[in-house]
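>
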Amino acid sequence: MADEIERLSPVGFVGLGNLGHPMAQALHRDGWPLKVYDRDPGRADGLEADVVAGPGELADCRVVALAVPDDQAVAEWVDELTPLLAPDSVFLVHSTILPGTAKRLAQQAESQGLALLDVPVSGGAERALTGSLTVMAGGRADVLDRARPVLDSVAETVLHVGPSGAGAAVKLANQLMMFAALAGAQEALELAAAYDVPEQTVLDAVSTSTGESWITRNWGFFDRVAAAYESAGTPVRDRPWSKDLWDVVAAARDCDVQVPVAGLLAQHLAERVEAHARKGEVS
Numbered sequence: 071m072a073d074e075i076e077r078l079s080p081v082g083f084v085g086l087g088n089l090g091h092p093m094a095q096a097l098h099r100d101g102w103p104l105k106v107y108d109r110d111p112g113r114a115d116g117l118e119a120d121v122v123a124g125p126g127e128l129a130d131c132r133v134v135a136l137a138v139p140d141d142q143a144v145a146e147w148v149d150e151l152t153p154l155l156a157p158d159s160v161f162l163v164h165s166t167i168l169p170g171t172a173k174r175l176a177q178q179a180e181s182q183g184l185a186l187l188d189v190p191v192s193g194g195a196e197r198a199l200t201g202s203l204t205v206m207a208g209g210r211a212d213v214l215d216r217a218r219p220v221l222d223s224v225a226e227t228v229l230h231v232g233p234s235g236a237g238a239a240v241k242l243a244n245q246l247m248m249f250a251a252l253a254g255a256q257e258a259l260e261l262a263a264a265y266d267v268p269e270q271t272v273l274d275a276v277s278t279s280t281g282e283s284w285i286t287r288n289w290g291f292f293d294r295v296a297a298a299y300e301s302a303g304t305p306v307r308d309r310p311w312s313k314d315l316w317d318v319v320a321a322a323r324d325c326d327v328q329v330p331v332a333g334l335l336a337q338h339l340a341e342r343v344e345a346h347a348r349k350g351e352v353s
């Protein structure tokens, strides 16, 4: 296997959405030459990078990062780029995808002399911009060692959580825990509001109580994220409080695990998140 990726090699970055754009900015700031693609070229505005028109122009990249919406988009890009990339090139899949998809695509890449890591991220756009995300990496340790210089440019914490598919599984576990907490907080605040207690009063009370969580400490985060998705024209079905929860349900079905809470959240949470964001109650 080749040595770690050199900074002279351009990094390809596909998908310049809510997280992709600030991640690309972090890579540039850390000195990586960039080639970027998005189906909406306007999303590359503000990036000091070579904006490419399609897969063929990424052929000289030793690393291609994918931050596209879903499993199908990831698979299509891997299929298109596989015959173009040099041996030992690495796909970094930052998208939240199913563990089974990650495993399949890693096997496919390896059969063609390439490598693929499922490296979803957590932390939001603000941490992406400062290069302080958390990366949950699934795949071979030697491949992760090679790609680590690139990942270190976007992440403060890079955790090798297991073989191919493990990164995707941990990301889905994180999403389920986070959105379950969000749903509980929303229902609790609505209950208190029905008795004329303002949101902030409840949040202040729980800040030193057992109900405190990342969600309550960062209340308003999802209002801001929803507004950013709305501004970008991202369909509600592709926003994480919908898409990721349905992915949890699908992943659980694939391994015969019962996730009744996830099923309820997938059906109902998106409507609540969007409604709260529209109220403009950003704390």
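With our numbering as the guide, the letters of the sequence shown map in order to residues 71 to 353.
Don't be surprised by glycine CBs; every beta carbon is placed ideally from N, CA and C.
The structure displayed is predicted, hence computed values, not measured ones.
Which stretch, first to last residue, makes up the beta strand (DSSP E) that contains residue 188?
185-188 is the span of the beta strand (DSSP E), which, as asked, contains residue 188.
> Does DSSP put residue 230 in a helix, a strand or coil?
Correct three-state label for residue 230: strand.
> Compare the beta carbon distance of residue 245 and residue 318 with 8 Å and say whether it is the shorter of the two.
Cβ distance < 8 Å, so residue 245 and residue 318 count as in contact.
> Measuring straight from C-alpha to C-alpha, what distance separates residue 351 and residue 290?
Only weak support is given to the placement of residue 351: the predicted model assigns it a pLDDT of 46, under 50, and the value that follows is read from those uncertain coordinates. One C-alpha to the other measures close to 7 Å.
> Go through its chain and collect everything with a Cβ distance to residue 101's Cβ below 7 Å, but skip five positions before and after it.
Cβ within range, chain order: 77.
> Would you kindly report the start and end of the unbroken alpha helix (DSSP H) that includes residue 271?
Residue 271 -> alpha helix (DSSP H) spans 269-276.
> From residue 169 to residue 214, what distance separates their C-alpha atoms?
C-alpha separation (whole angstroms): 17 Å.
> Measuring straight from C-alpha to C-alpha, what distance separates residue 300 and residue 227?
Cα to Cα, residue 300 sits roughly 29 Å from residue 227.
> From residue 265 to residue 210, what does the alpha carbon distance come to, in whole angstroms?
Approximately 54 Å between the Cα atoms of the pair.
> Distance, Cα to Cα, residue 229 vs residue 192?
For residue 229 and residue 192, the distance between alpha carbons rounds to 12 Å.
> Hey, could you find the ends of the beta strand (DSSP E) residue 217 is sitting in?
It is not in any beta strand (DSSP E) - residue 217 instead sits in the alpha helix (DSSP H) that spans 211-222.
> Ignoring anything shorter than 3 residues, give me the beta strand (DSSP E) runs that lie fully in the stretch 120-183, in order along the chain.
Qualifying beta strand (DSSP E) stretches, in chain order: 133-136, 160-163.
> Between residue 126 and residue 154, how many whole angstroms is the CB-CB distance? I'm expecting something under 8 Å.
Between residue 154 and residue 126 the Cβ distance is about 7 Å, and since that is below 8 Å, they are a contact.
> Would the beta-carbon of residue 194 fall within 8 Å of that of residue 295?
The answer is yes: Cβ separation under 8 Å.
> Could you tell me how far apart the beta carbons of residue 189 and residue 151 are, in whole angstroms, since I believe they sit closer than 8 Å?
Wrong, their Cβ atoms sit about 16 Å apart, outside the cutoff.
> Please name the residue in 238, 109, 249, 277 whose C-alpha comes closest to that of residue 341.
Taking only the C-alpha atoms, the option nearest residue 341 is 249.
> Residues in its own chain within less than 7 Å of residue 335 by CB, not counting five upstream and five downstream?
The residues are 249, 250, 253, 315.
> Rounded C-beta distance between residue 75 and residue 216? I'm assuming under 8 Å.
Rounded, the Cβ-Cβ distance is 6 Å, consistent with contact.
> Among the candidates 223, 140, 185, 129, whose CA atom is the shortest distance from the CA of residue 92?
Measuring from the Cα of residue 92, the nearest candidate turns out to be 223.
> Can you tell me which of the three DSSP states residue 112 falls into?
Helix.
> Which two residues bound the contiguous alpha helix (DSSP H) that contains residue 254?
From DSSP, the alpha helix (DSSP H) with residue 254 extends over 236-264.
> Fully enclosed by the stretch 281-319, which alpha helix (DSSP H) runs are 4 residues long or longer?
Runs of the alpha helix (DSSP H) inside the stretch 281-319: 284-287, 291-302.
> I need the DSSP call for residue 335, collapsed to helix, strand or coil.
Three-state DSSP puts residue 335 in a helix.
> Do residue 133 and residue 160 have their CB atoms nearer than 8 Å?
In this structure, residue 160 lies closer than 8 Å to residue 133 by Cβ.
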